[in-house]
Every structure is written in structure tokens, then in C-alpha cells.
Ligand SMILES: [Zn+2]
């Protein structure tokens, strides 16, 4: 069953979207709308619901925070229905044109990624609407092309998928932990009140939670390096740091979303230093 819920954060509106097979959806994602600007377009499965939500809005422009299908999934229907520019980082505009990796759970809950050539590379450092000015801050790690939008006067930080939760239990294959830590440090230094995370918007105490995530990832990173230097394999390291693999998720995702990917990300980051 398709599930949507409308939210309001001051003048910012959001549509929360998800698919539930046995009750409420286990994962959901928000698209945000503020002053003619749509930030992210939701997953392919929820295209009709997103268009319905946008129906009476004076949409002027769209910004895609990163190429993952739960953010870029409805670029094509939006571009068919509205004559507005759709922007993303250079990396995003390129990645959405090619084959994006997916897995069974992603297909079930978000839908099959749709390729599109309709995301324009936006190379300026800020994006304006009639009332607001958003600084565009590259925050790679979860995805290489990920960008945050920061409205300094209002204290709004649209953080894409950089936060999600202070404790992360699994990574996708291509994530970088070193970059995530660096990006989170960039974000925590900003003066914001609202942390508009696409999977978990936070209205109070966002900075404390970001710092908790930094602390968690730094400790995790340090432990993995320690055991890696002792010559342990990724599976042995996972055991040594007391983390259990999420086997069901591991098998269903074909190894795309699992705990071992966090260990492998650290080893890769260390090799790329
Ligand atoms: Zn993502």
C-alpha cells in the first residue's frame, strides 16, 4: 500500500512517502517544498502521489540532493508536467543518466531507478527563491554527488541523507565513512535550527544528534583501523567490534545494504588516503 503524510515545518511543506506491504512502511522519504522550490522528487513508486501534492503549487524550480532513486525518482514525470528547471550537482546530473545500482528491497520499497537526462548540472554555490537564499554545500559520503541546502537567515539545513540517525547499522556498497565524517563536521559547524533530513526531519536538538553521529562514526572508524592493522579480515573485524550482521537484509539486498559494508568502507578509505 502506498503511504503519504503531509508535514509542515514553519513555511516549509513536506510530503512523506513510503510503501507498506504488511502495515506501515518500514522506510519513508520526504520531499520538501518551499517558496516555489521542490527539494527532491521522491521514489518512482510514489510518482502519482507526488504529482497530486504538487498540483496546486506554483512550482518554479527543483533541486535534487543526490542521485538515489528515492530522491530523483520522479524527475521525468515532473519535467513532463511542469516547465521548470531541475537542478543537481554535476555528479548527480551524470549519475542519474547511467545505470544506478539497486537491490530487491530498494525495488520493493522505492521502485526501479529511472534514468533521466533532465537533471541540469548546477555549478553555482547558491540557489535563490523569491524570499530565500540557499547555500549549496557538497556533503559527499553517503553518495559522492550529495549536496546540502543551507538557508542561513532562517536556520534551515536540508541535509539530504547525511544524517538519518545518530547510530548507523548498515551502509550501501559505495559509501565512504571518512567523507561522511568530514561532511558531518562541515554541517555541525553551521548555525541551524531545523535539520531537514529526508528520512528523519529533526526540529529540535539537531546539532547534538549530528555530533553523536560524528562520535559514533569516528569511534567505529578507529576500531576498524585498529583490528585491520592487526591483520583481521572484514568479518573478523565485525565480530571483534561486537556488531552483528543483518543477514536477512544482507541476502535480500544481495550484499548492497549490510553491516560488513561499513567495515569495508573504512578499509577502502584508509587505502585511498
Ligand atoms: Zn540516499
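Numbering (our numbering), first residue to last: 3 to 275. A virtual CB, placed ideally from N, CA and C, is assigned to each residue, including glycine. Computed from a prediction, not measured in an experiment: that's the story for all the values here.
- Does DSSP put residue 135 in a helix, in a strand, or in coil? In this structure, residue 135 counts as strand in the three-state DSSP scheme.
- Query: Near residue 153, which residues of its chain fall below 6 Å by C-beta distance, leaving aside the five closest residues on each side in sequence?
  - Reply: Contacts found: 134 and 136.
- Through-space distance from residue 272 to residue 227, alpha-carbon basis: Answer to the nearest angstrom: the Cα atoms are 8 Å apart.
- Across which residues does DSSP place residue 140 in a beta bridge pair? Answer is 149.
- Item | Of the listed residues 90, 37, 59 and 107, nearest to residue 30 (C-alpha basis) | Measuring from the Cα of residue 30, the nearest candidate turns out to be 107.
- Message: Taking 5 Å as the limit, name every residue whose beta carbon sits nearer than that to some heavy atom of ligand 1, in sequence order.
- Response: Going down the chain, each residue whose beta-carbon is closer than 5 Å to a heavy atom of ligand 1 shows up: 70 and 163.
- Per DSSP, cross-strand counterpart(s) of residue 6: In DSSP, residue 6 forms a bridge with 19.
- For residue 75, which option in 254, 85, 121 and 38 has the closest C-alpha, if you only look at C-alpha atoms? Taking only the C-alpha atoms, the option nearest residue 75 is 121.
- Closest by CA to residue 37, which one among 82, 14 and 241? Between residue 37 and the set 82, 14 and 241, the nearest pair of CA atoms involves 14.
- Could you please give the first and the last residue of the uninterrupted beta strand (DSSP E) stretch that includes residue 245? It is not in any beta strand (DSSP E) - residue 245 carries neither H nor E in the DSSP assignment.
- Query: To the nearest whole angstrom, what separates the beta carbons of residue 147 and residue 91, a pair I think is in contact under 8 Å?
  - Reply: Indeed, because the Cβ distance is near 5 Å, the residues count as touching under 8 Å.
- Task: Drop a sphere of 10 angstroms on the beta-carbon of residue 235, count the other beta-carbons inside from all chains shown, and report buried for 16 or more, exposed for fewer.
- Result: Classification of residue 235: exposed, given that the 10 Å Cβ count is below 16.
- Item | Own chain, CB closer than 6 Å to residue 63, minus 5 neighbours either side, in chain order | Excluding residues within five positions, the ones whose Cβ falls inside 6 Å are 39, 86 and 87.
- Task: Look at the alpha carbon of residue 16 and the alpha carbon of residue 246, and state the distance between them as a whole number of angstroms.
- Result: Distance between the alpha carbons of residue 16 and residue 246 is about 35 Å.
- Alpha carbon of residue 6 to alpha carbon of residue 112, nearest angstrom: CA-to-CA, the gap between residue 6 and residue 112 works out to about 13 Å.
- Using only alpha-carbon positions, find the residue among 175, 105 and 34 that is nearest to residue 254. Closest by alpha carbon: 105.
- Message: Please report the straight-line C-alpha distance between residue 287 and residue 145, rounded to a whole angstrom.
- Response: Absent from the structure is residue 287, since the part of the chain shown begins at 3 and ends at 275.
- Message: DSSP has residue 90 in a bridge; who is on the other side?
- Response: For residue 90, DSSP records a beta bridge to 66 and 123.
- Would you mind sorting residue 43 into buried or exposed? The rule is 16 or more other CB atoms within 10 Å of its CB. With at least 16 other beta carbons inside 10 angstroms of its own, residue 43 counts as buried.
- Message: Quick check for students: name the residue ranges of the beta strand (DSSP E) that lie wholly in the region 178-243, counting only runs of 3 or more.
- Response: Counting only runs of 3 or more residues that sit fully inside the region 178-243, the beta strand (DSSP E) segments are 196-199, in chain order.
- Relative to the alpha-carbon of residue 82, which residue among 50, 230, 70 and 72 has its alpha-carbon at the smallest distance? If we check each option's Cα against that of residue 82, 50 comes out closest.
- Residue closest to residue 170, alpha-carbon to alpha-carbon, out of 53, 262 and 68: That would be 262, whose Cα lies nearest to the Cα of residue 170.
- Tell me whether residue 72 is buried or exposed, calling it buried when 16 or more other Cβ atoms sit within 10 Å of its Cβ. Burial call: buried.
- Comparing alpha-carbon positions, which option in 11, 12 and 34 lies nearest residue 19? Checked all of 11, 12 and 34; the closest Cα to residue 19 is 34.
- By how many angstroms is the C-alpha of residue 140 removed from the C-alpha of residue 257? Cα atoms of residue 257 and residue 140: separation of roughly 27 Å, rounded to the nearest angstrom.
- Skipping 5 residues on each side, what residues in its chain have a beta carbon closer than 7 Å to that of residue 69? The residues are 94, 97, 98, 102, 145 and 147.
- Query: When DSSP labels each residue in this structure, what does residue 255 get in the three-state scheme?
  - Reply: Three-state DSSP puts residue 255 in coil, outside helix and strand.
- Name the DSSP beta bridge partners of residue 11, please? Beta bridge pairing from DSSP links residue 11 with 14.
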